[in-house]
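Undergrad:
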Amino acid sequence: MSSDPVAGVTPGPLDGIRVVEYGGDVSGPFCGRTLADLGADVVKVEPLDGDPARHHGPFPGDRPDGEHSGLYLFLNANKLGVTLDVTGACGRQVLKQLVAQADVFIDSYPSSSPTAPGLDYAALIDDNPGLIVTSLSPFGLTGPYRDYACYDINVSAAGGMSYGTGFPDREPLSLPLRQSSYLAGFAAALASAMALLARGETGKGQVVEVSETEVSAVLLNGYHLPTYIYKGVPGRRWGNRMSLGLFPNCVLPASDGHICIDTPQLEQYQRFLQLLGDQPWSENPRYRNRRAMTEEYPEESEALIAPWFRERTKADIFELCRQNRVPCVPVKTIDEVVNEPHLRQRGYWQERQQPGIGELTYPGPPYRFPRSPWRLARPAPRLGQHNGEVYCGRLGFSPGELTRLHQAGVV
Amino acid sequence: MQALGRFRVLDFGTAWAAPMASQLLADMGAEVVKVESRVRLDGLRLGRPIVGDDVAGGDRGRWPELQPVFHGLNRNKLGITVNLKHADGVELIKRLAGQTDVVIHNYSPGVLERLGLDYDALRAVRPDIIVVGMPAAGETGPLSNVIAYAPIILALSGLMSMVGYEDGTLVGELQSAWSDAVAGLHAAMAAVSALRHRDATGQGQHVEVAQWEATTSWLGEAVMDWAMNARAQGTTGNVDPGMAPHNCYPCRGGEAKEGWVSIAVGSDEEWRRFCRAVESGGGRGRNRWTRDPRYADGFRRWRRRAELDDHIRRWTRRFEPMEVTQLLQRFGVAAMPVMTIEDQFLDPHFRQREVWPEVEHPMVGIEWLYGLAWRLHETPGSVRRHAPLLGEHNRQVLGELLGVSESDLQRFERAEAVY
Chain A
3 MSSDPVAGVT PGPLDGIRVV EYGGDVSGPF CGRTLADLGA DVVKVEPLDG
53 DPARHHGPFP GDRPDGEHSG LYLFLNANKL GVTLDVTGAC GRQVLKQLVA
103 QADVFIDSYP SSSPTAPGLD YAALIDDNPG LIVTSLSPFG LTGPYRDYAC
153 YDINVSAAGG MSYGTGFPDR EPLSLPLRQS SYLAGFAAAL ASAMALLARG
203 ETGKGQVVEV SETEVSAVLL NGYHLPTYIY KGVPGRRWGN RMSLGLFPNC
253 VLPASDGHIC IDTPQLEQYQ RFLQLLGDQP WSENPRYRNR RAMTEEYPEE
303 SEALIAPWFR ERTKADIFEL CRQNRVPCVP VKTIDEVVNE PHLRQRGYWQ
353 ERQQPGIGEL TYPGPPYRFP RSPWRLARPA PRLGQHNGEV YCGRLGFSPG
403 ELTRLHQAGV V
Chain B
1086 MQALGRFRVL DFGTAWAAPM ASQLLADMGA EVVKVESRVR LDGLRLGRPI
1136 VGDDVAGGDR GRWPELQPVF HGLNRNKLGI TVNLKHADGV ELIKRLAGQT
1186 DVVIHNYSPG VLERLGLDYD ALRAVRPDII VVGMPAAGET GPLSNVIAYA
1236 PIILALSGLM SMVGYEDGTL VGELQSAWSD AVAGLHAAMA AVSALRHRDA
1286 TGQGQHVEVA QWEATTSWLG EAVMDWAMNA RAQGTTGNVD PGMAPHNCYP
1336 CRGGEAKEGW VSIAVGSDEE WRRFCRAVES GGGRGRNRWT RDPRYADGFR
1386 RWRRRAELDD HIRRWTRRFE PMEVTQLLQR FGVAAMPVMT IEDQFLDPHF
1436 RQREVWPEVE HPMVGIEWLY GLAWRLHETP GSVRRHAPLL GEHNRQVLGE
1486 LLGVSESDLQ RFERAEAVY
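Respectively, the protein sequence lines represent chains A and B. Just remember that my numbering sits 2 ahead of the position in the first sequence, which is counted from 1. Just remember that my numbering sits 1085 ahead of the position in the second sequence, which is counted from 1.
(1) Measure the CB-CB distance between residue 154 (chain A) and residue 133 (chain A) and report whether it falls below 8 angstroms.
(2) Identify every run of the alpha helix (DSSP H) within the stretch 40-74 of chain A, keeping only runs that are complete inside it and at least 4 residues long; order them along the chain.
(3) Once the 5 residues before and after residue 1269 (chain B) are set aside, which same chain residues still bring their CB inside 6 angstroms of it?
(4) To be precise: take each residue of the stretch 1432-1459 of chain B, compare its Cβ to all Cβ atoms of chain A, and keep it if any distance is under 8 angstroms. Which residues remain?
(5) Tell me which residues share the same chain as residue 1412 (chain B) and place their Cβ nearer than 6 angstroms to its Cβ, disregarding the 5 neighbours each side in the sequence.
(6) Can you tell which of B:1447, B:1291, B:1156, B:1312 has the C-alpha that lies nearest to the C-alpha of residue 229 (chain A)?
(7) Alpha helix (DSSP H) containing residue 1383 (chain B): first to last residue?
(8) Just to confirm my understanding: we take residue 1271 (chain B), look at its own chain, exclude 5 residues before and 5 after, and list those with CB closer than 7 angstroms. What are they?
(9) Give, in chain order, every residue of the stretch 216-235 of chain A whose Cβ lies closer than 7 angstroms to some Cβ of chain B.
(10) Do residue 250 (chain A) and residue 261 (chain A) have their C-beta atoms within less than 8 angstroms of each other?
(11) From the DSSP output, in three-state form, read off residue 81 (chain A) for me.
(12) By a C-beta neighbour count over all protein chains shown, 10 Å radius and 16 as the cutoff for buried, is residue 1489 (chain B) buried or exposed?
(13) For residue 158 (chain A), count neighbouring Cβ atoms within 10 angstroms of its own Cβ and tell me buried if that reaches 16, exposed if not.
(14) Which first and last residues belong to the alpha helix (DSSP H) in which residue 1555 (chain B) is found?
(15) So for residue 107 (chain A), helix, strand or coil by DSSP?
(16) Quick check on the DSSP output: the beta strand (DSSP E) that includes residue 364 (chain A) runs from which residue to which?
(17) In three-state DSSP terms, what is residue 1446 (chain B)?
(18) Against chain A, does residue 1336 (chain B) count as a neighbour if the rule is that its beta carbon must be under 8 angstroms from one of theirs?
(19) How about residue 1462 (chain B) and residue 23 (chain A): are their beta carbons less than 8 angstroms apart?
(20) Can you check whether the CB of residue 151 (chain A) is closer than 8 angstroms to the CB of residue 1281 (chain B)?
(21) Could you name the residues of chain A that residue 1198 (chain B) contacts, counting a contact when the two beta carbons are closer than 8 angstroms?
(22) Is residue 1172 (chain B) buried or exposed, if buried means 16 or more other CB atoms sit within 10 Å of its CB?
(23) Determine which residues share a DSSP beta bridge with residue 1394 (chain B) and list them.
(24) Judging by CA-CA distance, which residue of A:53, A:17, A:198, A:245 is the nearest neighbour of residue 384 (chain A)?
(25) Taking residue 1250 (chain B) as the query, report the chain A residues whose CB atoms sit under 9 angstroms from its CB, ordered along the chain.
(26) Out of curiosity, what's the CA-to-CA distance linking residue 7 (chain A) and residue 18 (chain A)?
(27) What's the C-alpha gap between residue 63 (chain A) and residue 332 (chain A)?
(28) Is there at least one Cβ from chain B nearer than 8 angstroms to residue 408 (chain A)'s Cβ?
(29) Which of the three DSSP states, helix, strand or coil, is assigned to residue 151 (chain A)?
(30) Mark residue 316 (chain A) as exposed unless 16 or more other C-beta atoms lie within 10 angstroms of its C-beta, in which case mark it buried.
(31) Going by the beta-carbon positions, is the gap between residue 397 (chain A) and residue 95 (chain A) smaller than 8 angstroms?
(32) Excluding five sequence neighbours on each side, which residues of the same chain lie with their C-beta closer than 6 angstroms to the C-beta of residue 42 (chain A)?
(33) My output table needs one value for residue 1069 (chain B): the three-state DSSP class, helix, strand or coil.
(34) Using DSSP bridges, identify the partner residues of residue 1205 (chain B).
Next comes the structure, spelled out in structure tokens:
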């Protein structure tokens, strides 16, 4: 394998793969980040005013600064960054030159966006037959909605993630932290890696088409599709309880937060009842049908067990339930997750110095490869940080040419 | 040509996450052999099925073949029944491992060691084998033995604490196996990446995918807020820090259900187009708020988002979700109905893109499954085979592939090593 661009780092499984990413916000950049973490060399191409994620935050002290947005810094670590105005012919030509050297080109600006490069995928592959073009868009490249405008909340809605989330008498909720877009971005990274394996056999690249709404509709409907087809249940909001499963399968308040309990096996439920002590209701036939307790009278059923939780702290409940092998855990807030001894002991969190900010914490490896490790090797690029390195070093522009592109407002 | 057609995968997965990982590989052409046993069936084969009314025999009768959730997660796979508690069963699996590229499992820490099928044992028969283990909380650490189903992992991950309304009301549950899908994608990525590493170096390896850590790894935005501001992000409902309007709005419902539409306006230009769309939609004069200068810029719209949402609700209630969507989209404004599975199943866009393929199952007949989450234009993959019946491919895999004779197979069956 070729040497790693970051000195002293053991090569990752995608070492030597060159990626050009043209995408903003979450889905395209998360696709690029996922490949970069596995060792790919990713050049992020931003419009002159930068990736919109630079304006999203969170910001240190809530002071907006395009170089300090937490969302941007998280999504774009491990990449090189260049600026380019691809709406003009000159900028488009430069982008084509970059793509001509790449193994994977990620294009996630939808056709409706003013910054869409409008490149002809087939022509790109003609010029570079091994190229994989990964197209991320809300609805895909075909079909009646293909040009619809869409933000993450609309992807969550059309992907089927929102309708069931929330209380029945209130509005449906989009997934928090734009998780539908992460799902789409990760799926696109996986599909690209599959196309790389296919190329290992054929030598040929191809278009990899990912529709963000389809990813959710496909990967998260395994229960809902048959429930609809065979029982005619089109979906409804179920609040703090899971619609499918046996009682108790819900989130309830503890004295200092919330807990989540799910006891599908009868023995687990019986051990839980023993924990509660002698409860006269447990002999009542109405409270022996665990499916009906969830589907038909959940509030009434939850009221039977809620007091036991409300009197205890999350930590005490967790300890008691662990000792008795009852699946019930605290609903951890993000600070509790960051400070969780289990994750600390496993060396999960990655702490890195960020110039101008101080120490930042990044989530760690979602997979652990002993021979070709996941890595967090460099911070996200400042706007245009690697223009010289990429345009002169890789495309062979002279310093004078780069100055001219700069003066012409192309980079 | 299939993208993954040159690879064989042994799937020891049960329930959701690990079977989904190997299903994603099977969809793209990998030959996935699901290893099961009647000694302990995959939990998704058990219980009264939602299809049919044949109760004869229960879990020991036809029920294990009538579970449509199982059929989705295990389509495109071959199925064998091998008893891993029997020495001859373990021996058969070791022989099969000699012809296997990837093993995927979600056993608790230590189980494969006890069976004599851990990475070192498998590597002895196949030096470049790739093993992807998917323990819930990892193989090490004080909580490595936690009993974890999808909601439990969601709770531990931190994501559940953010599911709820802007007023702080926690909802918590997502009505889907979110952490299973996330972990399944990561395990498939681990397998594909490790295969690429093996293509380049000849080396196999044992990859650990802790489902909890995979789910937490997508929460970097909230982790950054904690690192930067010591602020633990709570429930934010449908609020976006930079967009208003940005919400789900009630519509005129159909016969039996309510309708909702999601709308997001990301810039002042989009706001002007939104207002033009509302004004063009009839009821002129009733929507004076579209001309209110207090809503003309994004910052003030965001500050007044609650009253703005009231105006918009009064407008959206007059239409069905798809009517609002088509009107706003004509003006380039982002809007989509909040879709139920029924909406998605009947939707012309998803229909045209064949998101719900059909497959014929020998005991259920035609069934609709979810399709593929991506399209590789030259090597597209497909839903081409129904989920295996119990032991359906014992003779194909153990007989033809491994070369076990029919008399030996019958002997193994009598001894319940193949069972």
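Just so you know, even glycine gets a beta-carbon here, dropped at the ideal spot from N, CA and C.
TA: This is what the structure gives:
(1) Residue mapping note: residue 154 (chain A) aligns to position 152 of the first sequence, counting from 1. Residue mapping note: residue 133 (chain A) aligns to position 131 of the first sequence, counting from 1. Not closer than 8 angstroms, so no.
(2) Complete alpha helix (DSSP H) runs here, min 4: none at all.
(3) Locating residue 1269 (chain B) in the second sequence gives position 184, where the first residue counts as 1. Correct list, in chain order: 1102, 1105, 1106.
(4) Taking 8 angstroms as the Cβ-Cβ cut-off against chain A, the residues of the stretch 1432-1459 of chain B that qualify are 1433, 1434, 1435, 1437, 1438, 1440, 1441, 1452, 1453, 1454, 1455, 1456, 1457, 1458, 1459.
(5) By 1-based counting over the second sequence, the position of residue 1412 (chain B) is 327. Within the same chain, residue 1412 (chain B) has close Cβ partners 1362, 1366.
(6) The residue labelled residue 229 (chain A) in the question sits at position 227 within the first sequence. The shortest Cα separation from residue 229 (chain A) among B:1447, B:1291, B:1156, B:1312 belongs to B:1156.
(7) Locating residue 1383 (chain B) in the second sequence gives position 298, where the first residue counts as 1. Looking at the DSSP string, the run of the alpha helix (DSSP H) that includes residue 1383 (chain B) is 1383-1388.
(8) As a position in the second sequence, residue 1271 (chain B) is number 186, starting the count at 1. Contacts found: 1294, 1299.
(9) Correct list: 216, 217, 219, 220, 221, 222, 223, 224, 225, 226, 227, 228, 229, 230, 231, 232, 233.
(10) By one-based count along the first sequence, residue 250 (chain A) stands at place 248. By one-based count along the first sequence, residue 261 (chain A) stands at place 259. No, Cβ-Cβ distance for residue 250 (chain A) and residue 261 (chain A) is not below 8 angstroms.
(11) Residue 81 (chain A) sits at position 79 when you count from the first residue of the first sequence. The DSSP-derived three-state label of residue 81 (chain A) is strand.
(12) The residue you call residue 1489 (chain B) lines up with position 404 of the second sequence. With 16 or more other CB atoms across the displayed protein chains lying within 10 angstroms of its CB, residue 1489 (chain B) is buried.
(13) Counted from its first residue, the first sequence places residue 158 (chain A) at position 156. The residue in question, residue 158 (chain A), is buried, as its Cβ has 16 or more Cβ neighbours within 10 Å.
(14) Past the boundaries of the shown model lies residue 1555 (chain B); chain B is included only from 1086 to 1504, so the question cannot be answered.
(15) Here residue 107 (chain A) is taken as the residue at index 105 of the first sequence, counted from 1. In the structure shown, residue 107 (chain A) sits in a strand (DSSP, three-state: E or B).
(16) Locating residue 364 (chain A) in the first sequence gives position 362, where the first residue counts as 1. Boundaries of the beta strand (DSSP E) harbouring residue 364 (chain A): 360-364, taken from the DSSP string.
(17) For the purposes of this step, residue 1446 (chain B) is taken as the residue at position 361 of the second sequence. Reduced to three states, the DSSP call for residue 1446 (chain B) is strand.
(18) Locating residue 1336 (chain B) in the second sequence gives position 251, where the first residue counts as 1. For residue 1336 (chain B), the answer is no, since every Cβ of chain A falls outside 8 angstroms of its Cβ.
(19) Position 377 of the second sequence, counting from 1, holds the residue named residue 1462 (chain B). Position 21 of the first sequence, counting from 1, holds the residue named residue 23 (chain A). Not closer than 8 angstroms, so no.
(20) The count along the second sequence starts at 1 and reaches residue 1281 (chain B) at position 196. The count along the first sequence starts at 1 and reaches residue 151 (chain A) at position 149. For residue 1281 (chain B) and residue 151 (chain A), no; Cβs fall outside 8 angstroms.
(21) Reading the second sequence from its first residue, position 113 is the one you call residue 1198 (chain B). In chain order: nothing, as chain A lies at least about 17 angstroms away.
(22) To locate residue 1172 (chain B), count along the second sequence from 1; it is residue 87. In this structure residue 1172 (chain B) is exposed. Its beta-carbon is surrounded by fewer than 16 other beta-carbon atoms within 10 angstroms.
(23) For the purposes of this step, residue 1394 (chain B) is identified with residue 309 of the second sequence, where counting begins at 1. Residue 1394 (chain B) pairs with nothing; no bridge assigned.
(24) Stepping through the first sequence from its first residue, residue 384 (chain A) is reached at position 382. Minimum Cα distance to residue 384 (chain A) is reached at A:53.
(25) Residue mapping note: residue 1250 (chain B) aligns to position 165 of the second sequence, counting from 1. The answer, in chain order, is 168, 169, 172, 173, 175.
(26) Counted from its first residue, the first sequence places residue 7 (chain A) at position 5. Counted from its first residue, the first sequence places residue 18 (chain A) at position 16. With a pLDDT of 43 at residue 7 (chain A), under the threshold of 50, the modelled position of this residue cannot be trusted; read the value that follows with caution. CA-to-CA, the gap between residue 7 (chain A) and residue 18 (chain A) works out to about 9 angstroms.
(27) Walking along the first sequence from the start, residue 63 (chain A) turns up at place 61. Walking along the first sequence from the start, residue 332 (chain A) turns up at place 330. Taking the straight line from one Cα to the other gives about 29 angstroms.
(28) Stepping through the first sequence from its first residue, residue 408 (chain A) is reached at position 406. Not an interface residue.
(29) For the purposes of this step, residue 151 (chain A) is identified with residue 149 of the first sequence, where counting begins at 1. Under the three-state reduction of DSSP output, residue 151 (chain A) falls in the coil class, being neither helix nor strand.
(30) Taking the first sequence and counting its residues from 1, the one referred to as residue 316 (chain A) is at position 314. Per the 10 Å Cβ criterion, buried.
(31) The residue labelled residue 397 (chain A) in the question sits at position 395 within the first sequence. The residue labelled residue 95 (chain A) in the question sits at position 93 within the first sequence. Taking 8 angstroms as the Cβ cut-off, residue 397 (chain A) and residue 95 (chain A) do not qualify as a contacting pair.
(32) Counting from 1 along the first sequence, the entry for residue 42 (chain A) is found at position 40. So the qualifying residues of the chain are 16, 19, 21.
(33) Coverage of chain B is limited to positions 1086 through 1504, which leaves residue 1069 (chain B) absent and any answer about it impossible.
(34) Along the second sequence, one-based indexing puts residue 1205 (chain B) at 120. DSSP, once it has assigned bridges, lists no residue as partnering residue 1205 (chain B).
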